[in-house]
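If you're matching positions, the sequence shown starts at 21 in this note's numbering and goes up one per residue.
Backbone N, C-alpha and C define an ideal beta-carbon position, used for all residues, glycine too.
Taking it in order: structure first as structure tokens, then the write-up.
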Amino acid sequence: MSYEELLKRARKDLPELSEEVARFEVPKVRGHIQGNKTIISNFHQIAQAVGRDVEHLLKYVLRELATPGDLTSSALIVGTKTPASRINEKIQQYVKDFVMCSECNRPDTKLVKEDKINFIKCSVCGAKHPVRAKL
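Given below as structure tokens:
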């Protein structure tokens with residue numbers, strides 16, 4: 021058999037890809053409301069998944085929600101009753117503003133500070149863009 025025939029046979033035997041799986045997915049917020057507070061139990065895991073410092077993400081989320089909050093070793097305690105969907109929206113906006121490369125749309129970036137200006141530096145395409153001054 022020729023190489024081309026073997027290749028055709030191998031491709032025919034491959035299973036169909038039913039659904040494209042995203043390489044980068046931000047975990048959804050897990051938590052509950054306790055009295056007048058909202059407790060997010062997986063905030064540290066979310067910060068780790070997006071590859072950013074937990075304090076930076078915390079500052080952004082609390083500012084966007086316009087609410088006080090406290091970070092413990094195991095959870096984020098938000099000072100008001102806040103639906104998980106609203107917190108998820110703010111985290112998605114954070115990912116768009118501070119994680120995703122605007123050139124190649126990949127999450128493989130780092131925050132770099134140069135002369136009091138934060139930049140997103142992409143390790144895939146090498147692009148470097150200033151971050152809007154939201155923090």
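Segment limits, alpha helix (DSSP H) that includes residue i
i, result
"Leu96", "Per DSSP, Leu96 belongs to no alpha helix (DSSP H); it is in the beta strand (DSSP E), Leu96 to Val98."
"Lys130", "Premise fails: Lys130 lies in the beta strand (DSSP E), Thr129 to Glu134, not in any alpha helix (DSSP H)."
"Asp117", "Ala104 to Phe118"
Cβ shell of residue i (< 6 Å), same chain only, five flanking positions each side left out
i, result
"Cys145", "Glu123 and Cys124"
"Ala67", "Val74 and Leu77"
Proximal residues to residue i (C-beta, below 7 Å), its chain only, five neighbours per side dropped
i, result
"Lys110", "Val81, Glu84 and Leu85"
"Ala69", "Val46 and Pro47"
Residue i: CB within 7 Å of a non-hydrogen atom of the ligand SAM
i, result
"Asn108", "With respect to small molecules bound, the structure shown includes none, and the ligand SAM cannot be examined in it."
Min CB distance residue i to chain D below 8 Å
i, result
"Val119", "Absence of chain D from the displayed structure is noted, only one protein chain being present."
Spatial distance of residue i from residue j (CA atoms)
i, j, result
"Arg31", "Glu45", "29 Å"
"Thr100", "Ile59", "10 Å"
"His149", "Phe139", "5 Å"
"Val98", "Lys116", "22 Å"
Meets three-Cβ-pair contact criterion under 8 Å: the segment 91-100 and the segment 23-31: no
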